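Visitor: If you scroll down you'll find the structure; I have some questions about it.
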Amino acid sequence: MEQAIAGGIQPEGSSAATGTRPGAAVVVDSLVKTFKGDVRALDGVSFEIPTGTVLGLLGPNGAGKTTAVHVLTTLLRPDSGRAWVAGIDVLANPEEARKHMGLAGQFAAVDEGLTGMENLVLVGRLNHLPRPERRRRAAELLEQFDLADSGTRLLKTYSGGMRRRLDLAAALVARPPVLFLDEPTTGLDPRSRIDLWAVIEGLVADGTTLLLTTQYLEEADRLANAICVIDHGRVIAEGTAAELKSRLGGTTVEVVLPDNPTAARALAALEGVGDGDPMVDGLTVRLATTTGLATTSELVRRLEGAGLDVSSLQLRQPSLDEVFLSLTGQEPGRGDGSDGSQ
Amino acid sequence: MSLVALPRGSRVELGIGDTFAMAGRNVRRILRAPDQVVFTLVSPILFTLLFRFVFGGAIRGLGSINYVNYLIPGIAVQTAIFTSSNSGFALADDRGNGFLDRLRSLPMARSAVLIGRVLTDTISNATGLVIIVIVGLAVGFRPHSVPGLVVGFGVLLAFVLATSFLFALVGLYASSSQAVNAATFPVIFPLTFASSAFVPTATMPSWLRAFANHQPVTTVINAVRDLTLGNVTAAQRHQLFAGQSTSTLIIQSLLWTVGIGLVFGYLALRRYNSTNL
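For the record, the sequence lines run as chains A and B.
One rule links them: number in the working numbering = place in the first sequence (from 1) + 369.
One rule links them: number in the working numbering = place in the second sequence (from 1) + 56.
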């Protein structure tokens, strides 16, 4: 760990003495974690989350997302590297760090044998809130998460979406400034997912710093200020969703032709239009471009000149899914929902 | 990271509060599922009736001692050991469904989860022993004195508190509660049956007798039995307890208790605290 600092790996603007970094609620520096059988779950991961922002941690199953969250929440000790949450070194002072974080995840870690209210009061008690405050806070959260009517029911009777909301509520009992959500909507139906997104957006609006791991790129696109893509325990891309999309060559002009001979003639006619060679896929011809409108008008002129008709023509941004596919070589959201890191 | 809460400021106080919070949560769950409590007591009651009325008449080597007075301490110890394995099942479940991860991410005393769990088993056991005594009284069990019964059951409760830590350790390694069952049954079964629980060890083949006489469950059963029978003659003491005195039986039981409790308490806490749980 000391070597990492001496070697200058620690980013600029950091204070090596205390590990606190102005403006960053979460700092992860060169984490390495190897599991039995030489699985390198984390292979030198570094990232920062500015206070009050949302970082989406993306990656295929087994990429190391859950392992990174477990290190940050003090559940797992890395082989090397350092990490700070709310300015506290989680490896040197895990007990203090736990006071500043909340964890909610894909497993809805709540007690099936208790009611919603009892679950939240228990978490309040274990967070050492004063007795009257526990009940008040629990009632407030049940209200906020639309569970007030179900507060006295056992969790066994809750739906998956209700359970996940209660799990998130449990993570918020002590109003932690930093929140870790490990695939919070995996396995939820679309309706529950959208409800949970609204709740998460509310938290972020109130200033909570959030680390979100997800397999749903739509979720990252909607919630995250910045995205960090990891694969095989390494960060392979970082930036805003827009920056990542622009990496794929910006806009694509896509023309669908009525039949194969026409497609072949169109391909010839479009020689030199756009950036790089036109690509053909069946009846579809794609042109990558950074100047969408100019390329489109040139394309239309050429096709008109060649007397070719088209079935459809569109200008499109690459989706985050395409970015993900090009970065990792894997389709997102096709796994069983587990990170498989342990 | 310290293994147990150190006495610094109000940390101990907070840790005790956390322990009671966890024990309260466990007890609440048990009260919510009374059918499971009844179920765990069905088998000892059936065993009591079976040995008292079916097999009891055929059991020899007790001299003037009434078999039901011999039997009830054995049933009590066997039941208490089985009950102490609840810690293993409960922790395996909590670990499996992610609840332990939530608890481990909270700023609570980490020892509270284990100690709260073990205390819960002790509460269950104290309740179970009362029921076993009532059933025993109904079928003819007559303890020699109330203080003897209380001290005997105190020795027993301390011992099964220690074995709860052993089962807690199993639960923290097991992949599921079924796996806990698979891992603990082959241990509990020989320890409770190859003991003096149901028959005097003198009737066993010599290799088995050697094991039965020197394993901790026999020692604890004998201590409880000695205290509840009272007035054990020198001949009976030789026959039943290998001639060991009451104080020797109690001290040996307590030594086993402390040894098992310290070793497995330490290992279970270390496992719970391990960052690769």
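Backbone N, C-alpha and C define an ideal beta-carbon position, used for all residues, glycine too.
Just so you know, these numbers come straight off a predicted model, no measurement behind them.
1. Give the single residue among A:ASP398, A:THR665 and A:THR403 whose Cα lies nearest to the Cα of HIS601 of chain A.
2. Taking a Cβ distance cut-off of 9 Å, strictly less, list which residues of the segment 470–481 of chain A are near chain B, in chain order.
3. Just to make sure I have the definition right: I need the residues of chain B whose C-beta is within less than 8 Å of the C-beta of LYS468 of chain A. Which are they?
4. Would you give the residue range spanned by the beta strand (DSSP E) that LEU411 of chain A belongs to?
5. Distance check for VAL288 of chain B and ILE316 of chain B, CA to CA, integer angstroms please.
6. By DSSP, does LEU106 of chain B sit in helix, in strand, or in coil?
7. Can you list, in chain order, the residues of its chain with a C-beta nearer than 7 Å to that of ALA250 of chain B? Leave out the 5 residues immediately preceding and following it.
8. For PHE209 of chain B versus LEU185 of chain B, is the C-beta distance shorter than 9 Å?
9. 9 Å is my cut-off, CB to CB: does VAL718 of chain A come that close to chain B?
10. Could you give the DSSP three-state label for VAL459 of chain A: helix, strand or coil?
11. Do the segment 291–304 of chain B and the segment 189–202 of chain B meet, that is, are 3 or more Cβ pairs less than 8 Å apart?
12. Determine the DSSP secondary structure at LEU472 of chain A, reduced to helix, strand or coil.
13. Does PRO63 of chain B have its Cβ less than 9 Å from a Cβ in chain A?
14. What residues from chain B crowd round ASN496 of chain A, counting only those whose CB sits closer than 9 Å?
15. Determine, using beta carbons only, whether ALA168 of chain B comes closer than 9 Å to chain A.
16. What are the residues in the segment 448–459 of chain A lying within 7 Å of chain B by C-beta distance?
17. Counting only runs that start and end within the segment 205–276 of chain B, where is the beta strand (DSSP E) found for 3 or more residues in a row?
18. Could one say the Cβ of ASN153 of chain B lies closer than 9 Å to chain A's Cβ atoms, at least one of them?
19. Does the segment 550–557 of chain A come into contact with the segment 455–475 of chain A, if we say contact requires no fewer than three beta-carbon pairs (one atom in each stretch) closer than 8 Å?
20. Cα-Cα, which of B:THR284, B:ILE115 and B:GLY113 is closest to LEU193 of chain B?
21. On the three-pair Cβ rule with 8 Å, is the segment 439–451 of chain A touching the segment 484–501 of chain A?
22. Can you tell me the Cβ-Cβ gap for SER180 of chain B and THR139 of chain B, rounded? I've got them flagged as a contact below 8 Å.
23. May I ask which residues mark the beginning and end of the beta strand (DSSP E) holding PHE549 of chain A?
24. Classify LEU62 of chain B as buried or exposed, calling it buried when 16 or more other Cβ atoms lie within 10 Å of its own Cβ.
25. Determine the closest residue to TRP676 of chain A out of A:THR660, A:LEU626 and A:THR665, with distance taken between C-alpha atoms.
26. Does PRO501 of chain A come out as helix, strand or coil in the three-state DSSP assignment?
27. Under a CB-based cut-off of 9 Å, is ASP91 of chain B close to chain A?
28. Express the C-alpha separation of TRP312 of chain B and THR275 of chain B in angstroms, rounding to a whole number.
29. Along chain B, in chain order, which residues have C-beta atoms closer than 7 Å to that of LEU349 of chain A?
30. Name the chain A residues whose beta carbon is nearer than 9 Å to that of ASP337 of chain B?
31. Inspect the CB distances between the segment 166–181 of chain B and the segment 209–220 of chain B and report whether three or more fall short of 8 Å.
32. With H, G and I counted as helix, E and B as strand and the rest as coil, what does DSSP make of THR555 of chain A?
33. In angstroms with no decimal places, state the Cα-to-Cα distance between VAL573 of chain A and SER695 of chain A.
34. Under a CB-based cut-off of 9 Å, is GLU465 of chain A close to chain B?
35. Can you say whether GLY119 of chain B is buried or exposed, counting buried as having 16 or more other CB atoms within 10 angstroms of its CB?
36. If distances are taken between C-alpha atoms only, which option among A:THR620, A:ASP575, A:GLU623 and A:TRP566 comes closest to ALA589 of chain A?
Guide: This is what the structure gives:
1. Comparing Cα positions, the closest option is A:THR403.
2. Of all residues in the segment 470–481 of chain A, MET470, GLY471, LEU472, ALA473, GLY474, GLN475, PHE476, ALA477, ALA478, VAL479, ASP480 and GLU481 have a Cβ within less than 9 Å of some Cβ in chain B.
3. In chain order: PRO163.
4. That run of the beta strand (DSSP E) goes 408–419.
5. Rounded to the nearest angstrom, the two C-alpha atoms are 29 Å apart.
6. Shown here, LEU106 of chain B sits in a helix according to DSSP, grouped into three states.
7. The residues are LEU264, PHE267 and ALA268.
8. The Cβ atoms of PHE209 of chain B and LEU185 of chain B lie closer than 9 Å to each other.
9. This structure gives no information on residue 718 of chain A, because the portion of chain A shown stretches from 370 to 711.
10. Under the three-state reduction of DSSP, VAL459 of chain A is assigned to coil, being neither helix nor strand.
11. Flag = no, the segment 291–304 of chain B and the segment 189–202 of chain B do not touch.
12. DSSP places LEU472 of chain A in strand when its eight states are reduced to three.
13. The predicted position of PRO63 of chain B is uncertain, since its pLDDT is 43 and thus under 50; no value can be drawn from it.
14. Close partners of ASN496 of chain A in chain B (Cβ separation under 9 Å): LEU162, PRO163 and MET164.
15. Chain A, which has a Cβ nearer than 9 Å to the Cβ of ALA168 of chain B, makes this yes.
16. For the segment 448–459 of chain A, no residue has a beta-carbon sitting nearer than 7 Å to a beta-carbon of chain B.
17. Here no run is fully enclosed.
18. Taking Cβ atoms only, chain A reaches closer than 9 Å to ASN153 of chain B, which makes this a yes.
19. Result yes; three or more Cβ-Cβ pairs closer than 8 Å.
20. With distances taken between Cα atoms, LEU193 of chain B lies closest to B:THR284.
21. No, they do not touch.
22. The pair is a contact, with the Cβ atoms about 5 Å apart (cut-off 8 Å).
23. Element bounds for PHE549 of chain A: 547–551.
24. The predicted model places LEU62 of chain B with a pLDDT of 42, which falls under 50 and marks its position as unreliable; any figure quoted below should be read in that light. Per the 10 Å Cβ criterion, exposed.
25. The displayed chain sequence assigns Gly, not Trp, to residue 676 of chain A. Nearest option by C-alpha distance: A:LEU626.
26. PRO501 of chain A sits in a helix when the DSSP states are folded into three classes.
27. By this cut-off, ASP91 of chain B is not an interface position.
28. Per the coordinates, the alpha-carbon of THR275 of chain B lies some 9 Å from the alpha-carbon of TRP312 of chain B.
29. One cannot answer for residue 349 of chain A here, as it falls past the ends of chain A, which runs 370 to 711.
30. One cannot answer for residue 337 of chain B here, as it falls past the ends of chain B, which runs 57 to 333.
31. Taking a cut-off of 8 Å on C-beta distances, the segment 166–181 of chain B touches the segment 209–220 of chain B, as three or more cross pairs fall below it.
32. Note: THR555 of chain A maps to coil in three-state DSSP.
33. When rounded, the distance between both Cα atoms is 30 Å.
34. Chain B, which has a Cβ nearer than 9 Å to the Cβ of GLU465 of chain A, makes this yes.
35. Residue burial annotation: GLY119 of chain B is exposed, with fewer than 16 other C-beta atoms found within 10 angstroms of its C-beta.
36. The shortest C-alpha separation from ALA589 of chain A is found at A:TRP566.
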